[in-house]
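There are 6 protein chains.
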Amino acid sequence: MKKVVTFGEVLMRIAPLGNRKLKQSNQLEYYFGGTEANVAISLAQFGNNTKHITAVSNDFVGDAVKSYLQKLGVDTGLIIDSYHPLGLYFLEVGAVMRSSTIAYNRSNSAFCHIDPDAINWEKALEDCDWFHWTGITPALSLNAYKALQKGLEIANQKGITISADPAYRSGLWNYGHKAKDILNQLVELSNVFIGGPNEINELLDTSFSYENEDFIQASKLLIQKYPNIKGVFDKTRVSLNASWHKIKARLWNGVDFYETNELEITHVVDRIGTGDAYAAGLIHGLMHYDNQKALQFANAACALKHTIEGDANLVSEAEVLHIIEGNLSGRIKR
Amino acid sequence: MKKVVTFGEVLMRIAPLGNRKLKQSNQLEYYFGGTEANVAISLAQFGNNTKHITAVSNDFVGDAVKSYLQKLGVDTGLIIDSYHPLGLYFLEVGAVMRSSTIAYNRSNSAFCHIDPDAINWEKALEDCDWFHWTGITPALSLNAYKALQKGLEIANQKGITISADPAYRSGLWNYGHKAKDILNQLVELSNVFIGGPNEINELLDTSFSYENEDFIQASKLLIQKYPNIKGVFDKTRVSLNASWHKIKARLWNGVDFYETNELEITHVVDRIGTGDAYAAGLIHGLMHYDNQKALQFANAACALKHTIEGDANLVSEAEVLHIIEGNLSGRIKR
Amino acid sequence: MKKVVTFGEVLMRIAPLGNRKLKQSNQLEYYFGGTEANVAISLAQFGNNTKHITAVSNDFVGDAVKSYLQKLGVDTGLIIDSYHPLGLYFLEVGAVMRSSTIAYNRSNSAFCHIDPDAINWEKALEDCDWFHWTGITPALSLNAYKALQKGLEIANQKGITISADPAYRSGLWNYGHKAKDILNQLVELSNVFIGGPNEINELLDTSFSYENEDFIQASKLLIQKYPNIKGVFDKTRVSLNASWHKIKARLWNGVDFYETNELEITHVVDRIGTGDAYAAGLIHGLMHYDNQKALQFANAACALKHTIEGDANLVSEAEVLHIIEGNLSGRIKR
Amino acid sequence: MKKVVTFGEVLMRIAPLGNRKLKQSNQLEYYFGGTEANVAISLAQFGNNTKHITAVSNDFVGDAVKSYLQKLGVDTGLIIDSYHPLGLYFLEVGAVMRSSTIAYNRSNSAFCHIDPDAINWEKALEDCDWFHWTGITPALSLNAYKALQKGLEIANQKGITISADPAYRSGLWNYGHKAKDILNQLVELSNVFIGGPNEINELLDTSFSYENEDFIQASKLLIQKYPNIKGVFDKTRVSLNASWHKIKARLWNGVDFYETNELEITHVVDRIGTGDAYAAGLIHGLMHYDNQKALQFANAACALKHTIEGDANLVSEAEVLHIIEGNLSGRIKR
Amino acid sequence: MKKVVTFGEVLMRIAPLGNRKLKQSNQLEYYFGGTEANVAISLAQFGNNTKHITAVSNDFVGDAVKSYLQKLGVDTGLIIDSYHPLGLYFLEVGAVMRSSTIAYNRSNSAFCHIDPDAINWEKALEDCDWFHWTGITPALSLNAYKALQKGLEIANQKGITISADPAYRSGLWNYGHKAKDILNQLVELSNVFIGGPNEINELLDTSFSYENEDFIQASKLLIQKYPNIKGVFDKTRVSLNASWHKIKARLWNGVDFYETNELEITHVVDRIGTGDAYAAGLIHGLMHYDNQKALQFANAACALKHTIEGDANLVSEAEVLHIIEGNLSGRIKR
Amino acid sequence: MKKVVTFGEVLMRIAPLGNRKLKQSNQLEYYFGGTEANVAISLAQFGNNTKHITAVSNDFVGDAVKSYLQKLGVDTGLIIDSYHPLGLYFLEVGAVMRSSTIAYNRSNSAFCHIDPDAINWEKALEDCDWFHWTGITPALSLNAYKALQKGLEIANQKGITISADPAYRSGLWNYGHKAKDILNQLVELSNVFIGGPNEINELLDTSFSYENEDFIQASKLLIQKYPNIKGVFDKTRVSLNASWHKIKARLWNGVDFYETNELEITHVVDRIGTGDAYAAGLIHGLMHYDNQKALQFANAACALKHTIEGDANLVSEAEVLHIIEGNLSGRIKR
């Protein structure tokens, strides 16, 4: 049983049912999400020991966050209580050519106001095998960035493997620092890069295309600059429309290129959190299998997440392995 | 901001959830619909000033109709209260090869009993840019027909553009007049014809096929007979089954033929009201763009309606424009 | 096992959940009701063999009516299919001092259009022990009245006991006949009178008060006029408000007066159909017990109905007997 | 038809169903509220012409606010769109001795950031008969206070009647001004005081008790200080527990004391917004009846609100008049 | 109107809504199922007279089973009440490559404990045209096997046609007898074999493939061994994934091979009970049409079941005939 | 922070919504319960460290049990997985004089089949302060009894305080042992007796009444026989009906008698688990306060549970303390 620590904002997702618009019905459903928490939850379903560090409101909403994470097997012992509200987002779910739409309420959240000194990183990272971060966290606020930076430094000192998902979200980064500068600094502290040409272009001011050849060149350049990075793990997606996707994954480990089969999701149930499912699958894979199987596991985990409602991937390791063994017919299990 | 007036019955749609049959569950969901009201609602979402004329029951059901229309931005100031009940229909939603089924309760409705003299058409059509009617209204009752006729005459006198959607519904027309006679008379008062070979055959006793060549010939014949008609706007649909459709639109404006690309709806959410969405898109388009863009707008609006629950199309002008710019992948909007 | 036949309109009840107003939510719930059908359903729960005669729409709504009655043990073999829609009503449920409100849609219903000659009364009443009617039926339409009259005559010839619940509803009776004339004629064919001073005043143009003394005098006068009536069975209700009622029942059997204890319903769950529950309890009681126990059974059945959702009383004979044995504490049954 | 303008924050209320705690179920229901919007909505149900001024998020949540107000007959034409999120609160509904609990997320809301100069008060108050404000608005932010102050000054210049509900909420007032100073300044601009000893003590640093004698003395003192105040209208409540309340209202108009009967709410459906229902009832009453009937109307409106789900009172003028005529039995209306 | 008797366990299906996992939501939905009851229900929808024999718990759960069957037109007069609980299963519904999962609770059920002597087979099979059994029943318990055996013997004596669906479920058969021995014995008493190479291999220890040629050889061998078998009716399925299936049916009647067209279910609504829908369609077909039309009817009935929620097929004979006439577009029926 | 261990069956509660009967609606809601697990959950909400020992099915139902307990803060690390199904019960919720009804399915459950040797009691009871058991456990099966006995012996050896709630349930105890014999043996190992005359009469073959005097005599007799018992803690309940209760608690600690005030629950939300809430309140109280305050805490906790949906009490220590300080008005907490 491996121990993984994640750090990041937990958001409440609030949505009308089915494909309804908010103004069509006063019934709602909620889940909790947040990219790093989603990774922790998925890793817990795979049987790992996970702990999520975050800050939540000191009211029954924050209490519900802890309950939610505990329910799904994530340790909440180091979560910080704050008098600021929990960040949240509203979702209207699209279909076919109609996009899903998200309205955020997170800029004043408990997590944005997190006190970097309030986190006991030494205790948090004790006996830890893996630390995972994403580009959302440093994009939220100076406090969030400082807290993450501290965590990464200590994780680095402890020799913990660090995975970076430097997703760049242009709507964030409103506190006066440049995304590129900060992300470069944080990637330097990391060992596994989850991303591809798009993310590398953002970091290195390059303009690689989505072609495999470019992916390899971009990966080489990244590893050249950051030799601490042991592998670049990307996923590619073809969206016929909002309800029908095809996904594949590829890697460059510094020596070899490898690409998975394509998996086709003909009836998307929930698109949110599929990237986090990929990341969790990859981390689990890299902790337990070789690179290639890890990539297949990540791709299959990602595919399965499209059939799970809510932000986090709730499938087991056995269900993912079943897929990579080629069982795609979805036959009933009695 | 253009002002559009519509006239027609508002029906309550009552349906069990999902694909359940009525006898399977005592949970229901309701929406309000009615072809002309659907057009008004969609036009209001596109930013137009709309007013719907109808008659509703003078009880909390009629009150809910007004609330519904107001919620969606339609002016209800001239709606007539009646001691007759609101018309309604029950819906069982099919899937794949199973058809949806509708059971009507409308023959004794507030709207069928509408007093033609109770409508203040002069006030209703003040400053109005566009008046829209469909063949459902004159099919319902003599009163409804007389009321519509009066409205069309006054609209005509005021030089308001009139669109006709002379949909022929054989289950109606039970009050002793011939559909053909009355529809011909009303089309004569109109300027935009929303229909194709099917509707023209009904009016002119012809037998044109669905081929483009026939569509053009039929349109020519129609315009020859009714020179007031400035354009014939048709849509065509291929239904693989109840859950998967492909749609296209075409026009003959007296001089040119034009046809849109095909849009594919791989996962139909709600089929009802897609024709009304087309009509609303067309009217909006003709008020704001050229003929070709109007047709594309209409086709895209129609496609998007298949992803919206309920009878009326709740998408914005921006969402439709996004589609005709080729953005069909349904990528999440944050 | 006794066989009971009832005749009357089945109405669909459609209501928003809880105490919401229709315009507050598009979620609804439905039940089927109708005073005579409610009596049949309750009698079926008590273990009797019941058959309900009515007309329903020949669509999936009418199909759902039959399913509903069958589910609750009522024989639907003689129900007539009609191309007219099923009658229905919308309900907004009040609380405390806020009244529940009902909006009907029944004047054009399948039942109002029932063809008196379409009912095979001979077959319907074969081996029948009891026939029950209410004043709602003759109030609806000439057809409904004629059909009922015919049924009563044949039941009379067959010596079947007939109970009359001549509830006068002023909002009905719109087809040109006087309620009083028709109800008197139908009561003359009946043996058990379910009602009190209010109903007798309506029939006899008297003005008796609700006092027990007046109830006895009114009953005497009624039996004097209609010696076929063997007993007058009334219930009285004190409504503190819509959520808190107290009920009692009393009888005059031509010789003796008897009154039950008062039962207090401190938390009304559903007020609709409580009178029908009383009638069903009374009929069951008179078929199986003596007059006094029958009255207690009726009162307890009525009280229990206030705790059951929907129009019909779904409690068993054992549950009612439990109450009249004094078990009012509602202790959990494991 | 009177025209009333209100100004204040619209909050989204999000709550699990029934008495569930948030962590017990992921189903939610929402309503919109906010004390001044609640008053506008209730006044619209009474048949008045109402306009609400506020700021909402420029996303589908803000869009849903406008739809909601329009649905309930409130003019939304002057609502300001903001890139800040809508304020909201989560609610867990208690029962009996368990309190309901509220968790706010409003300190960074669109309304708190409202630009006082963005409101066209001249246009907003055109032809207006009544302007209503509460102490929540100046408690939220300097911007909100400044905007309100400006509105009150212009309303005063126009001779519009101004009602003040100076509710003091200790959890707010976090922007560095003293509640007492600001509320005194705003009461000075007002004509109708909605409050009693509690509110007056807050304003005048007095310590009057809840006794009628003290209420009269407090009112006298208030009117002495602010002769613009024409009447003091208070309501008193006895809470047996969260589910059972008794309410009464009283007034001092400068000359006379008057007190209503007590109304008993034996089964509270929704406690939120009952004070706003009282204010709306009072304003409607003072615009249409004499002082005493206005007070009775306010008390009855308040009582009825306890039976309505959601934040705003959706009863009609007729329903309130029905109560003050003594009809408390909640008999079904057919 | 043909009379059909079925015998087997009724199971309650309990499932979270949509594709949710049980731990994601505490909302559930239930249906009743069980392979033989599903056949009875479907045959009742086709207009046949059906009776189902089973044992249910003597509590409100067992009561609900009877209500459910009666609602759907199945005679419950010979159902046995037991002090053992009703069998049930929990279902998590998958999508795309994620399998649905079933968790059973049936090993101690009322049906497993059924007393073979408690069933009045003589009465049950009076005037019966067809008796249907499946391999689930003898797999459950010795009692269930003995009861079935007795029924088959009496049916055989009465010359009733017997259809066998010898589905082999390896998770059952825990009471010490070999499936093969018992199934062979029971097939010997039957006339119609519903199954193909898979089921025949199980019975005859052969290893035929799914190819048509092998199907024919297997069928020949079966009929050679059991000359009472008049036809072998198989269905084949291609599952692209859990949400997209293609089905076909084939038969060997001792002389000829026949195969239907393929029907494609592009959007599976509910996969459970589709085999039972095929069996019911086949039985109805064989009772009313020739072999080939019966097979087409069975295949179309099976296809339609994929669009119906719950375990049993609720479509009418007309709906199935509509499909085999080639109407696959799912056009709305008004 | 105290550590408490509980041992007993976890049952799934499945119920239709509101007061509906199972056959009225196919919507259900579930909670997990079981008397000892309810105690553990409530103690966790009060801030204690709790661990529950049980056996659950090794499927997604058992997985959901663990998630549920973890969500509510109970350690599930020693729960045993079994191939037997989880025990469950169906509930129909009554109101007023109508009783709630429970239908059990537990006689073949995972817990009944628990292997006494599979529990690592040494590890389970490490650092434990309190062990709680009830009479339900030894009533279920010989295995359950043996497992409990072993646990009690080890707890006794470790000097852990043991509370006994020897609730006698006559419907259980079907495995051939006498309840009285076994309960006496287990009470002998315990220190705190939760019960009163009823339970003592069962154990000692006495016939004490519910009067305080008798309670004291009974308690004295019990302590005389079992000097290890340090206190007898009883609660008394007056049920006006299923919706309105009054509760009080009393104790005899060997020296003194003490009785709490009566708390009135005028609107019962959920009656199930209120005894467990009392037990949990008592245990928490005895671990943290003196006897009298402990009793008040227990009574208030019990009262609050009546307002919480589901089997377990989810209120915090602060909420209970708030009640015993006399705050019964249920004022909203903002």
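Protein chains in written order, with my numbering: chain A, 1 to 334; chain B, 1 to 334; chain C, 1 to 334; chain D, 1 to 334; chain E, 1 to 334; chain F, 1 to 334. Glycine included, every Cβ here is placed at the ideal spot set by N, Cα and C.
If the cut-off is 8 Å on Cβ atoms, which residues from the segment 90 to 122 of chain F count as contacting chain C, listed in chain order? 94, 95, 96, 97, 98, 99, 100, 101, 102 and 104
Go through its chain and collect everything with a Cβ distance to residue 154 of chain B's Cβ below 8 Å, but skip five positions before and after it. Result list for residue 154 of chain B: 121, 122 and 125, in chain order.
Measuring only between beta-carbons, confirm whether residue 242 of chain E sits less than 8 Å from chain A. Under the 8 Å criterion on CB atoms, residue 242 of chain E is classed as interfacial with respect to chain A.
Note down, in chain order, every chain B residue with its Cβ under 7 Å from the Cβ of residue 316 of chain E. Ordered by position in chain B, no residue passes the 7 Å Cβ test against residue 316 of chain E, which lies about 10 Å from the chain.
Taking C-beta pairs closer than 8 Å, name the residues in chain E that residue 26 of chain D reaches, listed in chain order. Within 8 Å Cβ-Cβ: 24 and 25.
Please determine, among F/241, F/235 and F/252, the residue with the shortest C-alpha to C-alpha distance to residue 279 of chain F. F/235
On a Cα-Cα basis, can you pick out the residue from E/210, E/23, E/37 and E/111 that is closest to residue 75 of chain E? In terms of Cα proximity to residue 75 of chain E, the closest of E/210, E/23, E/37 and E/111 is E/37.
Let's see if you can read the secondary structure: which residues bound the alpha helix (DSSP H) around residue 171 of chain A? Note, residue 171 of chain A: premise wrong, no alpha helix (DSSP H); not H, not E.
Between which two residues does the alpha helix (DSSP H) holding residue 124 of chain F run? Its alpha helix (DSSP H) spans residues 121 to 124.
Which residue comes first and which comes last in the alpha helix (DSSP H) that contains residue 24 of chain D? Looking at the DSSP string, residue 24 of chain D is not in any alpha helix (DSSP H), and its letter there is neither H nor E.
Contact list for the segment 265 to 289 of chain B against chain E, Cβ threshold 9 Å: 266, 267, 268, 271 and 272
If contact means a Cβ-Cβ distance below 9 Å, which residues of the segment 68 to 83 of chain C contact chain F? 71 and 72
Residue 110 of chain D and residue 67 of chain D - do their beta-carbons sit closer together than 8 Å? no
I'd like to know whether the C-beta of residue 304 of chain D is nearer than 8 Å to at least one C-beta of chain C. yes
Could you check which residue in C/147, C/315, C/324 and C/306 has the C-alpha nearest to that of residue 96 of chain F? Comparing C-alpha distances from residue 96 of chain F to each of C/147, C/315, C/324 and C/306 shows the shortest one belongs to C/306.
Using CA atoms only, rank isn't needed, just tell me which of A/146, A/158 and A/204 is closest to residue 177 of chain A. A/146
Under 8 Å between the Cβ atoms of residue 163 of chain C and residue 190 of chain C? yes
Taking 8 Å as the threshold (beta carbon to beta carbon), is residue 141 of chain C in contact with chain D? No - not a single Cβ of chain D is within 8 Å of the one on residue 141 of chain C.
Strictly below 7 Å CB to CB, what residues from chain D border residue 329 of chain F? Result: 239 and 241.
Please report the distance separating the alpha-carbon of residue 77 of chain E from that of residue 50 of chain C. 15 Å
Within this structure, are the beta carbons of residue 267 of chain C and residue 239 of chain F separated by less than 8 Å? no
Check distances from the C-beta atoms of the segment 4 to 22 of chain C to those of chain D and list, in chain order, the residues that come in under 8 Å. Taking 8 Å as the Cβ-Cβ cut-off against chain D, the residues of the segment 4 to 22 of chain C that qualify are 18, 19, 20 and 21.
Candidates C/128, C/70, C/64 and C/72: which alpha carbon is nearest residue 5 of chain C's? C/128
Where residue 239 of chain E sits in the DSSP three-state scheme: strand
Quick one: what's residue 136 of chain C bridged to in DSSP? In the DSSP output, where bridge partners are listed per residue, residue 136 of chain C has none listed.
Once DSSP output is grouped into helix, strand and coil, what is the label at residue 65 of chain C? helix
Could you tell me the alpha carbon to alpha carbon distance between residue 370 of chain A and residue 313 of chain F, rounded to whole angstroms? Only positions 1 to 334 of chain A appear in this structure, which leaves residue 370 of chain A out of reach.
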